[in-house]
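Undergrad: In this note's numbering, the protein residues as written are 569 to 778. Just so it is clear, CB atoms sit at the ideal spot from N, CA and C, and this is done for glycine as well. Provided herewith is a single structure, encoded as C-alpha cells, for subsequent inquiry.
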C-alpha cells in the first residue's frame with residue numbers, strides 16, 4: 569500500500585479499502601489506517617467534514633480533489649481487470665510539448681502478449697480551468713510525437729482517451745466536434761465510475777462500451 573501511495577501521492581479511505589482491504593469491513597480498514605497514522609507511517613486530512621479522510625506519506629499534495637479523481641480511475645481499472653489482463657503501468661501527469669495528460673494507463677493482454685493504452689483525463693466542473701483537451705489530443709496525434717515513446721512503439725494505434733467528468737456527460741460530448749481525426753474518446757460520469765468500483769459494472773461485453 570505504501571509503495572502505491574508514494575506513486576499516487578494521495579488515496580482516500582474508500583480507495584484504499586477497495587484496493588487492499590476489500591475482504592474486511594470499511595470500519596476495519598479505517599482502524600488499520602488509523603494505526604498507520606498513529607505510528608507516523610502516513611498522514612491524513614480531509615477536504616471537508618462530510619468527506620472521507622485522504623492519506624499521504626509526507627507533504628500534502630496540491631490539487632487533492634483532482635488527484636483523487638484520477639486515482640478513482642486507477643481503482644476502477646484495477647477492479648475490472650480480466651484474468652488474462654495485467655496492469656502494466658499507470659503513469660501520472662504525462663507531459664508532451666502541447667499537452668499534459670492526467671495519466672496514461674497500460675494494460676497487458678497476457679493471452680496475446682499485447683498492450684492496450686488509455687489516456688486519462690479528469691474534469692472538475694467549476695474548477696475555473698476550461699476543458700480544451702479534445703483539440704490538444706488531435707494535435708498530439710498529428711504531430712507524431714507519441715510515436716517516439718516506449719508505448720507508442722508498442723501500440724497498434726493512438727490510445728483511447730477516457731474523460732471522466734463531475735458534470736454532465738453531454739457537455740463533454742458536445743466538445744467532440746473538435747475531434748477531426750476521429751480519435752476514440754470515451755466519456756464517463758464521475759459518480760458512475762465510483763458506482764462501478766463499489767457495485768461492479770452492468771456491461772457484459774466491455775467496460776469501454778457506451
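1. Write down the C-beta distance between residue 686 and residue 728 rounded to the nearest angstrom, noting that I regard them as a contact closer than 8 Å.
2. Once DSSP output is grouped into helix, strand and coil, what is the label at residue 772?
3. For residue 758, which beta-bridge partners are listed by DSSP?
4. Does DSSP classify residue 644 as helix, strand or coil?
5. Is it buried or exposed, residue 681, if we count other Cβ atoms within 10 angstroms and call 16 or more buried?
6. Provide the residue(s) that pair with residue 699 in DSSP beta bridges, ordered along the chain.
7. Consult DSSP for residue 706 and reduce its assignment to one of helix, strand or coil.
8. Give the DSSP-derived three-state secondary structure of residue 679 in the structure shown.
9. CA-CA distance, residue 778 and residue 607?
10. Would you mind sorting residue 724 into buried or exposed? The rule is 16 or more other CB atoms within 10 Å of its CB.
11. Specify, as a first and last residue, the run of the alpha helix (DSSP H) that residue 721 falls within.
TA: Here's the rundown:
1. Within the chain shown, residue 686 is the residue found at index 118, counting from 1. Within the chain shown, residue 728 is the residue found at index 160, counting from 1. Contact between residue 686 and residue 728 holds, with the beta-carbon distance rounding to 5 Å and staying under 8 Å.
2. By 1-based counting over the chain shown, the position of residue 772 is 204. Any answer about residue 772 is weak, because its pLDDT of 47 lies below 50 and its placement is not dependable; what the coordinates show is given next. Looking at residue 772 - three-state DSSP - the assignment turns out to be coil, as it is neither helix nor strand.
3. Translated into positions along the chain shown, residue 758 becomes position 190. Residue 758 is not bridged to any residue.
4. For the purposes of this step, residue 644 is taken as residue 76 along the chain shown, with counting starting at 1. It is helical.
5. Position 113 of the chain shown, counted from the start, is the residue given in the question as residue 681. Counting of Cβ neighbours within 10 angstroms places residue 681 among the exposed residues, the total staying below 16.
6. By 1-based counting over the chain shown, the position of residue 699 is 131. DSSP, once it has assigned bridges, lists no residue as partnering residue 699.
7. Here residue 706 refers to the residue found at position 138 when the chain shown is read from its first residue. Assigned with DSSP and collapsed to three states, residue 706 falls in helix.
8. Within the chain shown, residue 679 is the residue found at index 111, counting from 1. In the three-state reduction of the DSSP assignment, residue 679 falls in the coil class.
9. Within the chain shown, numbered from 1, the residue matching residue 778 stands at position 210. Within the chain shown, numbered from 1, the residue matching residue 607 stands at position 39. Residue placement at residue 778 cannot be trusted, given a pLDDT of 47 that sits under 50; the coordinates are not used to answer.
10. For this step, residue 724 is matched to residue 156 along the chain shown. Residue 724 is exposed by the Cβ-count criterion.
11. Indexing the chain shown from 1 puts residue 721 at position 153. Where residue 721 is concerned, the enclosing alpha helix (DSSP H) stretches over 718-722.
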